[in-house]
Amino acid sequence: MSDSQTSAVKSWKSNKGYIWALLGSAVGFANLLCFSAHCYKNGGGAFLIPLVLAYALLGIPMLMLESIIGQKFKLPIIGAYGRESGSIAKTFGWMSVIGCITIGAFYMVLTGFSVAYTYFAVNSMIPADTATFFKHTFLQDSGSLTNWGSISWQVALSTLLVALTTLFVMTRDIQKGIERVCSIFMPILIGLIGIFVLATLFLPGAMEGIRRFLTPDFSHLSDFKLWRDVFGQLFFSLSLGLGIITGYARYSKETINMRQAMCWVAVGDFAIAFISGIVIFACIGYMSFTTQIPFDQIVKTDSTFEMGFVIFPMVLNTMGSAKIFFGALFFLCLVFKGLTGVFSIVESIAGNFEQEFSISRNRSVIAALAIPSFLAIFFCMGNGQHLLGAIAPMVLGVNMLLAAMATIVFFILHNNTIRQEMALQMGIASERKIKIIGYWMLAILLVIFIGTLQSEISEAGSLSMLIRWSWFAIALLFSWGLTQITKTQKIIEVKNDIIISIKTESL
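Heads up, the sequence shown is in numbering that gives the first Met the number 0, so the first residue is 0 and it goes up one at a time.
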């Protein structure tokens, strides 16, 4: 794509639409399910304290950095790396894109779960034994990572519906597609969550659940796993280190107050997670009250699957005739959250394809959707949840951390333009202070990265570890190869432009 084409990229119609789209990207399964699971496991309010700190020290600065890169260069992440730091840096950009493709595959499947469970809830199809229904009837679970089992057609068809919806939205331009849909979906989602909160507050035992949620167990603060979970929650929730924020920001106008926009995104992301935590804990408190099962024995793991599709349906089954209303409300929220997240992932992939391969938006969207849709088939198989459990720590952990550290190094520590722009937009007088911020962000990420690697060492020799690092090796190889291919293509395009220019002048 030429510079003239790049400069002609359509912008967001309004600042409000841009913020809704970013919230649509940020707010997802991490807010409603993962956040509550982490709080349940890590001492309730004890998880909230470091999370707020993480938003201030790392979340908002990273949001600012990634958005300013997109706003300044009007390029997706790979093009921005190439513009400033050459082909070596572009390899990190491709690693982010391949990470997006992988995340997109299982995110589409998780959204498909929500679509199917909305239907199940409305039609009262979830039996009392929710674990067996989810694991065997719905997932067709094979029981192990090594046994592929058979495909779950319920999961596959629900995922196909998600893919078709995404195609319908994404083949429109940024204003008529993502901005319009997110500007409708996100206010509806907030309204649904508000109704949900008001309804759950009146359930018997709900206040005990909320008390457990808000009361911190400070003994957990000395556990490194809590801090690892905090930063994992932060990165996954805000979509950091994947080029998603940069991909959206390239459509932003120069006049937008990026600091204000990113603060709104961070506050909105945390607020929805917090309110969702109140809902989940209130429901668990209600279940504990009605079944007389001790509160701390209801949830056995911090799995997104168990919290959303086993525990919550168990809660629904204790609600009598109200379960249809609560079930439809809950799973519809998940559908909205999932779809807006899928849109942002596909947009990030498509923007990079469009830029690097000089193809039209529609072709780039089709390719960006087709690849994760194909990979999603593997997560629809009988061992799909085991495969996700094996690969997620790499894609959502090591890879995102490496990408974030590379972004800091190339765009804060070694780029005066971005440092100056960050200083200007953050209201910081000295560019040197931005560099100091960059160093502390890098130090935090290094500590988390080392801790993550240590947890990997503890799994040395396991099949899950082999799968994770095989993915990393393949992703790195593909990233390097794609960098070389696109570099050669750009050289050919430049030569052709020169030849055309010479012929035109001679005529």
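Quick reminder that beta carbons are idealized off the backbone N, C-alpha and C, glycines included.
Being a predicted model, the structure only gives us computed values, none of them experimental.
May I ask you to report which of helix, strand or coil DSSP gives PRO60?
As a working mapping, residue 60 is identified with position 61 in the sequence shown. In this structure, PRO60 counts as helix in the three-state DSSP scheme.
Measure the alpha-carbon distance for LEU74 versus ILE417 and round it to whole angstroms.
To locate residue 74, count along the sequence shown from 1; it is residue 75. To locate residue 417, count along the sequence shown from 1; it is residue 418. Each residue's alpha carbon lies about 14 Å from the other.
Considering only C-alpha positions, which residue in the set PHE235, GLY204, VAL266 and THR117 is nearest to ILE292?
Counted from its first residue, the sequence shown places residue 292 at position 293. Nearest C-alpha to ILE292 among PHE235, GLY204, VAL266 and THR117: GLY204.
Check whether the Cβ atoms of GLY242 and SER357 lie closer than 7 Å to each other.
Position 243 of the sequence shown, counted from the first residue, corresponds to residue 242. Position 358 of the sequence shown, counted from the first residue, corresponds to residue 357. No, these two residues do not count as a Cβ contact at 7 Å.
Three or more C-beta pairs under 8 Å: does that hold for the stretch 386-396 against the stretch 47-59?
Counting Cβ pairs under 8 Å, fewer than three are found: no touch.
Are ALA29 and SER359 closer than 7 Å when you measure CB to CB?
Locating residue 29 in the sequence shown gives position 30, counting from the first residue. Locating residue 359 in the sequence shown gives position 360, counting from the first residue. In this structure, SER359 does not lie closer than 7 Å to ALA29 by Cβ.
Hey, would you say SER149 sits closer than 7 Å to GLY381, going by beta carbons?
What you label residue 149 is simply residue 150 of the sequence shown in a count that begins at 1. What you label residue 381 is simply residue 382 of the sequence shown in a count that begins at 1. Cβ distance < 7 Å, so SER149 and GLY381 count as in contact.
With three or more beta-carbon pairs closer than 8 Å as the criterion, would you say the stretch 394-401 touches the stretch 443-459?
yes
Once DSSP output is grouped into helix, strand and coil, what is the label at GLY450?
Taking the sequence shown and counting its residues from 1, the one referred to as residue 450 is at position 451. Three-state result, GLY450: helix.
Given that a residue counts as buried once 16 or more other Cβ atoms are within 10 Å of its Cβ, and exposed if not, what is GLU253?
Here residue 253 refers to the residue found at position 254 of the sequence shown. Its Cβ having fewer than 16 others within 10 Å, GLU253 is exposed.
In terms of DSSP beta bridges, what is GLY43 paired with?
As a working mapping, residue 43 is identified with position 44 in the sequence shown. Its beta-bridge partners are PRO215.
Looking at the secondary structure, which residues open and close the alpha helix (DSSP H) in which LYS12 lies?
If you number the sequence shown from 1, residue 12 lands on position 13. Careful: LYS12 lies outside any alpha helix (DSSP H) and carries neither H nor E.
For PHE273, which option in TYR17, LEU32 and GLY16 has the closest C-alpha, if you only look at C-alpha atoms?
Numbered from its first residue, the sequence shown carries residue 273 at position 274. Comparing Cα-Cα distances from PHE273 to each of TYR17, LEU32 and GLY16, the minimum goes to LEU32.
Using only CA atoms, which one of VAL278, GLN259 and TYR106 lies nearest to LEU159?
By one-based count along the sequence shown, residue 159 stands at place 160. It is TYR106.
With a threshold of 16 other CB atoms inside 10 Å of the CB of VAL249, please say whether the residue is buried or exposed.
Taking the first residue of the sequence shown as position 1, residue 249 is located at position 250. Before going further, note that residue 249 is Arg rather than Val in the sequence given. By the 16-neighbour rule on beta-carbons within 10 angstroms, ARG249 is buried.
Quick one: what's got a C-beta closer than 8 Å to LEU166's C-beta in the same chain, skipping five residues either side?
Residue numbering aside, residue 166 sits at position 167 when the sequence shown is read from its first letter. Hits under 8 Å: VAL364, ILE365 and LEU368.
Report the residue from SER10, THR101, LEU328 and TRP226 whose alpha carbon sits nearest the alpha carbon of SER275.
Taking the first residue of the sequence shown as 1, we reach residue 275 at position 276. Residue LEU328 holds the alpha-carbon nearest to the alpha-carbon of SER275 among SER10, THR101, LEU328 and TRP226.
Assuming ALA198 and SER372 make a contact with CB atoms under 8 Å, what is their CB distance in whole Å?
On the sequence shown, residue 198 is found 199 positions in, with the first residue counted as 1. On the sequence shown, residue 372 is found 373 positions in, with the first residue counted as 1. The Cβ separation is near 36 Å, so there is no contact.
Could you tell me which whole alpha helix (DSSP H) segments of length 4 or greater appear in the stretch 362-413?
383-392 and 398-407
Which residue's Cα is closest to the Cα of LEU233: GLY58, GLY42, ALA472 and TRP11?
Position 234 of the sequence shown, counted from the start, is the residue given in the question as residue 233. Nearest C-alpha to LEU233: GLY58.
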